[in-house]
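One structure is given here, and the rest of the page talks about it.
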Ligand SMILES: [Zn+2]
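Residue numbers (this note's numbering): 123 to 312.
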């Protein structure tokens with residue numbers, strides 16, 4: 123348990139690392155604590171459900187209902203004599219019903235496809251943001267003396283309440299110093 127190879131990073135506020143813990147360790151060790159819940163890993167977005175049998179069935183049912191309604195309306199308003207009957211109704215009404223079915227079927231299906239395309243676009247964007255946030259979260263450290271979190275190289279401490287802002291920010295925080303002279307434990311002791 124104590125065989126952690128790398129020492130915790132130095133807190134940018136107090137300049138020490140004796141109270142610093144990795145947020146991933148903290149959340150793993152005490153998942154019930156309120157701090158761990160505030161600092162929980164970013165949740166992955168839900169993938170979009172594909173258009174399946176249920177949707178196609180639903181669309182077919184809507185189209186059929188519309189077709190029956192159109193046939194009925196056409197039959198009620200028709201003035202033509204009932205000379206040519208098809209399924210017990212005028213063939214013009216049947217024709218109206220079939221056309222209605224086709225239009226509604228294609229229209230409603232197109233709406234579903236469009237909605238799914240939009241949803242999967244949202245999902246891709248959310249997934250990219252989540253992926254970046256997760257990578258940052260893995261590097262996040264918490265200083266209990268200063269009650270704040272920071273990423274490696276971050277110049278100032280971020281309050282726990284603003285951790286989401288830090289994780290989902292478009293740009294990573296500005297580094298404190300150039301990475302060439304980043305302090306290591308070997309240099310400090312040697
Ligand atoms: Zn500190």
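Don't be surprised by glycine CBs; every beta carbon is placed ideally from N, CA and C.
Handout entry: DSSP state of residue 304 mapped onto helix, strand, coil
Key = Position 182 of the chain shown, counted from the first residue, corresponds to residue 304. Confidence is the limiting factor: at residue 304 the pLDDT is only 44, short of 50, which leaves the residue's position unreliable and the question unanswerable from this model.
Exercise for the section: Give me every residue whose Cβ sits closer than 5 Å to any heavy atom of ligand 1, in chain order. Expected result: 133, 135, 136, 265, 267, 268
Handout entry: Segment contact flag, the stretch 262–281 with the stretch 174–189, C-beta cutoff 8 Å, min 3 pairs
Key = no
Practice task
Going by DSSP, name the residue or residues bridged to residue 270.
Solution key: Within the chain shown, the letter at position 148 stands for residue 270. 265, 281.
Handout entry: Cutoff 8 Å; reference residue 282; Cβ partners in own chain excluding five residues on either side
Key = For the purposes of this step, residue 282 is taken as the residue at position 160 of the chain shown. Answer for residue 282: 157, 160, 161, 264, 269, 270, 271, listed in chain order.
Handout entry: Cβ contact (3+ pairs, closer than 8 Å) linking the stretch 165–174 and the stretch 233–242
Key = These segments touch.
Exercise for the section: Note down the Cα distance separating residue 147 from residue 233, rounded to an integer number of angstroms. Expected result: If you number the chain shown from 1, residue 147 lands on position 25. If you number the chain shown from 1, residue 233 lands on position 111. Straight-line Cα distance between these residues: approximately 46 Å.
Problem - contact_flag[the stretch 247–266, the stretch 218–237] where n(CB pairs < 8 Å) is 3 or more - result: no
Handout entry: Straight-line Cα distance separating residue 145 from residue 261
Key = What you label residue 261 is simply residue 139 of the chain shown in a count that begins at 1. What you label residue 145 is simply residue 23 of the chain shown in a count that begins at 1. Each residue's CA atom was taken as its position, placing residue 261 and residue 145 some 8 Å apart.
Handout entry: Supposed close pair residue 193, residue 216 - CB separation, criterion 8 Å
Key = Start at 1 with the first residue of the chain shown, and residue 193 comes out as number 71. Start at 1 with the first residue of the chain shown, and residue 216 comes out as number 94. Indeed, because the Cβ distance is near 6 Å, the residues count as touching under 8 Å.
Handout entry: 4 or more residues per run - each alpha helix (DSSP H) lying fully within the stretch 211–266
Key = The stretch 211–266 contains these whole alpha helix (DSSP H) runs: 213–261.
Practice task
May I ask you to report which of helix, strand or coil DSSP gives residue 289?
Solution key: Start at 1 with the first residue of the chain shown, and residue 289 comes out as number 167. DSSP places residue 289 in helix when its eight states are reduced to three.
Handout entry: Selection from 266, 197, 199 that minimises the alpha carbon distance to residue 133
Key = Indexing the chain shown from 1 puts residue 133 at position 11. Looking at the Cα atoms, 266 is the closest of the given residues.
Handout entry: Three-state secondary structure assigned by DSSP to residue 276
Key = The residue labelled residue 276 in the question sits at position 154 within the chain shown. Residue 276 falls in the strand class under three-state DSSP.
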